[in-house]
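Student: Taken in sequence, the protein lines are chains A and B.
One point on numbering: in my numbering, the residue at position 157 of the first sequence is 157, and numbering is uninterrupted.
One point on numbering: in my numbering, the residue at position 56 of the second sequence is 1056, and numbering is uninterrupted.
We put the beta carbon where it would ideally sit given N, CA and C, even for glycine.
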Amino acid sequence: MASEEKWLIPLQLNNELVVRNPQSVVNSIVEFNQRTSEFFKTEAFLKEINEKFFSGKGTLVKYPSYDVTVKEADEKGEKSRFNRFFSVNADLSYTSLATTLLIKKSDLPLSKDESFDSLGLTVSNDVNTKDNLFEIQTYGEITFVKIRYVDRGLNYGSDCKSFYLRGMGESRFLSFPLVDPPAAEKVFQVMALGVKEILDGFAAQGYITMPEVVNPVTDTPDAPEVPETRNETQ
Amino acid sequence: MAGTSKEIQPSSKPGNIVLGTELQNSLTGIDRCRSFFDKLQLMDYLESINKFYLEGKGKITEPVSRISTGINETSEEETNGFVLKKDDVWGGIKVSLQWNKEDGVVENEVNLGFFYYYPNESYHEYFQLYITGGSSSKTEEQEGGFFTGKSFYRKFFINPPSFTQEEVDSILLNFTNELLEAKFL
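1. Tell me, please, whether the region 96-104 of chain A touches the region 1097-1112 of chain B by the rule of three or more beta-carbon pairs shorter than 8 Å.
2. Leaving out five residues on either side along the sequence, give the residues of the same chain with a beta carbon under 6 Å from the beta carbon of residue 1036 of chain B.
3. If you draw a straight line from the alpha carbon of residue 176 of chain A to that of residue 183 of chain A, how long is it in whole angstroms?
4. Please check the pair residue 43 of chain A and residue 99 of chain A, which I expect to be a contact at CB under 8 Å, by giving their CB distance rounded to whole angstroms.
5. Do the region 1052-1071 of chain B and the region 50-62 of chain A touch if we need at least three Cβ pairs shorter than 8 Å?
6. From the DSSP output, in three-state form, read off residue 128 of chain A for me.
7. Under the assumption that residue 140 of chain A contacts residue 121 of chain A (Cβ atoms under 8 Å), give the Cβ distance between them as a whole number of angstroms.
8. Does any C-beta atom of chain A lie closer than 8 Å to the C-beta of residue 1066 of chain B?
9. What span of residues does the alpha helix (DSSP H) with residue 193 of chain A cover, start to end?
10. So, are the CB atoms of residue 92 of chain A and residue 143 of chain A less than 8 Å apart?
11. Can you give me, in chain order, the residues of the region 40-74 of chain A that have a beta carbon less than 9 Å from any beta carbon in chain B?
12. Which residue marks the beginning of the beta strand (DSSP E) containing residue 1165 of chain B, and which one marks its end?
13. Does DSSP put residue 52 of chain A in a helix, in a strand, or in coil?
14. Taking 7 Å as the cut-off, is the beta-carbon of residue 196 of chain A closer than that to any non-hydrogen atom of the ligand HEM?
15. Apply the 10 Å Cβ neighbour rule to residue 56 of chain A and answer buried if 16 or more other Cβ atoms are within range, or exposed otherwise.
16. Would you verify that the beta carbon of residue 171 of chain A is, or is not, closer than 8 Å to some beta carbon of chain B?
17. Taking CB distances under 8 Å as the criterion, tell me whether residue 188 of chain A reaches chain B.
18. Is the Cβ of residue 1151 of chain B closer than 8 Å to any Cβ of chain A?
19. What residues match up with residue 133 of chain A in a beta bridge as DSSP calls it?
20. Within a Cβ cutoff of 6 Å, which residues of the same chain sit near residue 1040 of chain B, ignoring the five residues on either side of it in sequence?
21. Under a Cβ-count criterion, where at least 16 other Cβ atoms within 10 Å of its own Cβ denotes burial, should residue 1119 of chain B be classed as buried or exposed?
22. What is the residue span of the beta strand (DSSP E) that residue 1115 of chain B lies within?
23. Can you give the beta carbon distance from residue 65 of chain A to residue 1132 of chain B, rounded, assuming they're within the 8 Å contact cut?
24. Between residue 1078 of chain B and chain A, is there a C-beta pair that is closer than 8 Å?
25. Would a check of beta-carbon distances place residue 1158 of chain B closer than 8 Å to chain A?
26. Write down the C-beta distance between residue 125 of chain A and residue 36 of chain A rounded to the nearest angstrom, noting that I regard them as a contact closer than 8 Å.
27. Considering only residues of the same chain and omitting the five flanking positions on each side of residue 1030 of chain B, which have a CB-CB separation below 7 Å?
28. Excluding sequence positions up to five away, which residues of its chain have a Cβ less than 6 Å from the Cβ of residue 63 of chain A?
29. Would you decide whether residue 1048 of chain B is buried or exposed? Buried here means 16 or more other CB atoms lie within 10 Å of its CB.
30. Hey, quick one: how far does the beta strand (DSSP E) through residue 1150 of chain B stretch, first residue to last?
31. Just to confirm my understanding: we take residue 1125 of chain B, look at its own chain, exclude 5 residues before and 5 after, and list those with CB closer than 8 Å. What are they?
32. For residue 95 of chain A, which three-state DSSP category applies?
33. Where residue 1025 of chain B and residue 33 of chain A are concerned, what is the direct C-alpha to C-alpha distance, given to the nearest angstrom?
34. Could you confirm whether any beta carbon from chain B is found closer than 8 Å to the beta carbon of residue 121 of chain A?
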């Protein structure tokens, strides 16, 4: 069973390693995030939602990134002709792989707001390096964009646009210590339930239609499958 | 001085580092954001919310400087380095106002940030004023050994050619109304 086998391949992340080789740490965490994403079939999961709810019109975007918290020392170091030396402490805060299903307003059958631009559903696998936590977060967001200025003046050229973006969204997250992961199927169930709640919320606000209900319960304990659908109403 | 460039030393082993161009830009961006933060009195905004709506019970965190960068999947060589890429890179500062609702379970948070985005092939450089309100509750699963939570948020990005105090004030005022409507405050 997956739960007994410790599905989460142990990530040897400790401060000592971070200190000795930060480059390899970023790499290994990114790889780790990719493995967990494959394990939970994130892409297939989002593709399934795309087909079921959005007639396959959305696009999938994967975005790996890392985030660093910077603490600058009071005194900056020497500055030579060749290099600038700062005294900087930096914490690798987290490393993330986010996969987003993005649907443009024009591809949605109904929309109640004219400035509504797009709808995004993201599943991100994050490793919080400070607390050694793994987090799977699902968030849905509706974005409104307004182009406000066209001309920024001579210094910038006249083709530069300024935008005003407003987003509203919801997220569901689940986090646990890397050293002691829960059973994989349990993680997947909670995650799928979160997606369902978010989509229900969008449907209730009139941004999407819900033709079917996602069933968050998977049948196969070893390998999480894309949720089946069934004809039920809430 | 360490000879390797583009290496970030974590805080557990502080020391001087030689900065790559992008990281230098990041730090400059942070500086520029900080001066905007002061000029636009953004800290005062959080303080006034805390004072007028939360009876001073909220907690305002110290400003934190952060940088973030995307990793290009297609280039194996480049992801091997701790390299800040020019695309999708930002640097800036962020502060939070945090408070609990009476029940002690629901945790509310207003985040206010000012970020500088570096120019790339598609965009000129630009700044963003970033405000979110999030509400999250954390529950611990006894058997599963994990935390679950939920949050909802509103966020505003603004990318103007120039900021005016009035413009920012109007955004903040609207945001306060949103917080009230959403029963945050």
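Tutor: In brief:
1. no
2. Taking the second sequence and counting its residues from 1, the one referred to as residue 1036 of chain B is at position 36. Cβ neighbours of residue 1036 of chain B beyond the five flanking positions: 1114.
3. As a position in the first sequence, residue 176 of chain A is number 176, starting the count at 1. As a position in the first sequence, residue 183 of chain A is number 183, starting the count at 1. Straight-line Cα distance between these residues: approximately 11 Å.
4. As a position in the first sequence, residue 43 of chain A is number 43, starting the count at 1. As a position in the first sequence, residue 99 of chain A is number 99, starting the count at 1. With a Cβ gap of about 6 Å, residue 43 of chain A and residue 99 of chain A count as contacting.
5. no
6. Position 128 of the first sequence holds residue 128 of chain A. The answer is strand: DSSP assigns residue 128 of chain A an E or B state.
7. Counted from its first residue, the first sequence places residue 140 of chain A at position 140. Counted from its first residue, the first sequence places residue 121 of chain A at position 121. Sure, about 5 Å apart at Cβ, within 8 Å.
8. Against the second sequence, residue 1066 of chain B aligns to sequence position 66. Judged by the 8 Å Cβ criterion, residue 1066 of chain B is in contact with chain A.
9. Sequence index remark: in the first sequence, residue 193 of chain A carries index 193 (1-based). Its alpha helix (DSSP H) spans residues 184-204.
10. By 1-based counting over the first sequence, the position of residue 92 of chain A is 92. By 1-based counting over the first sequence, the position of residue 143 of chain A is 143. Not a contact, by the Cβ cut-off of 8 Å.
11. 62, 63, 64, 65, 66, 67, 68, 69, 70, 71, 72 and 73
12. Here residue 1165 of chain B corresponds to residue number 165 of the second sequence, with the count starting at 1. First-last for residue 1165 of chain B: 1165-1181, but that is the alpha helix (DSSP H), not the beta strand (DSSP E).
13. Position 52 of the first sequence, counted from the first residue, corresponds to residue 52 of chain A. The answer is helix: DSSP assigns residue 52 of chain A an H, G or I state.
14. By its list of ligands, the structure shown contains no ligand whatsoever, and the ligand HEM lies outside what it can speak to.
15. Position 56 of the first sequence, counted from the start, is the residue given in the question as residue 56 of chain A. Label assigned to residue 56 of chain A: exposed.
16. Here residue 171 of chain A refers to the residue found at position 171 of the first sequence. It does: the Cβ of residue 171 of chain A has a partner Cβ on chain B nearer than 8 Å.
17. Against the first sequence, residue 188 of chain A aligns to sequence position 188. Chain B contact via Cβ: absent.
18. On the second sequence, position 151 is the one that residue 1151 of chain B refers to. Output row for residue 1151 of chain B: interface = yes.
19. As a position in the first sequence, residue 133 of chain A is number 133, starting the count at 1. Paired residue(s): A/128 and A/177.
20. The residue given as residue 1040 of chain B occupies position 40 in the second sequence. The answer, listed in chain order, is 1168.
21. Counting from one through the second sequence, the residue named residue 1119 of chain B turns up at place 119. When all chains shown are included, residue 1119 of chain B counts as exposed.
22. The residue you call residue 1115 of chain B lines up with position 115 of the second sequence. First-last of the beta strand (DSSP E) with residue 1115 of chain B: 1106-1117.
23. Along the first sequence, one-based indexing puts residue 65 of chain A at 65. Along the second sequence, one-based indexing puts residue 1132 of chain B at 132. The Cβ separation is near 18 Å, so there is no contact.
24. As a position in the second sequence, residue 1078 of chain B is number 78, starting the count at 1. With a pLDDT of 39 at residue 1078 of chain B, under the threshold of 50, the modelled position of that residue is not reliable, and no figure is offered here.
25. For the purposes of this step, residue 1158 of chain B is identified with residue 158 of the second sequence, where counting begins at 1. Chain A contact via Cβ: present.
26. Counted from its first residue, the first sequence places residue 125 of chain A at position 125. Counted from its first residue, the first sequence places residue 36 of chain A at position 36. About 5 Å separates the two Cβ atoms, so the contact holds.
27. As a working note, residue 1030 of chain B is residue 30 in the second sequence. Cβ within range, chain order: 1065, 1091, 1092 and 1093.
28. Residue 63 of chain A sits at position 63 when you count from the first residue of the first sequence. Hits under 6 Å: 98.
29. Here the question's residue 1048 of chain B lines up with position 48 in the second sequence. Classification for residue 1048 of chain B: exposed.
30. Residue 1150 of chain B sits at position 150 when you count from the first residue of the second sequence. Segment 1147-1158, the beta strand (DSSP E) holding residue 1150 of chain B.
31. Taking the first residue of the second sequence as 1, we reach residue 1125 of chain B at position 125. These residues qualify, in order along the chain: 1116, 1117, 1118 and 1119.
32. For this step, residue 95 of chain A is matched to residue 95 along the first sequence. In the structure shown, residue 95 of chain A sits in a strand (DSSP, three-state: E or B).
33. Within the second sequence, the letter at position 25 stands for residue 1025 of chain B. Within the first sequence, the letter at position 33 stands for residue 33 of chain A. Going by the C-alpha atoms only, they are around 28 Å apart.
34. Position 121 of the first sequence, counting from 1, holds the residue named residue 121 of chain A. It does not; no Cβ of chain B falls within 8 Å.
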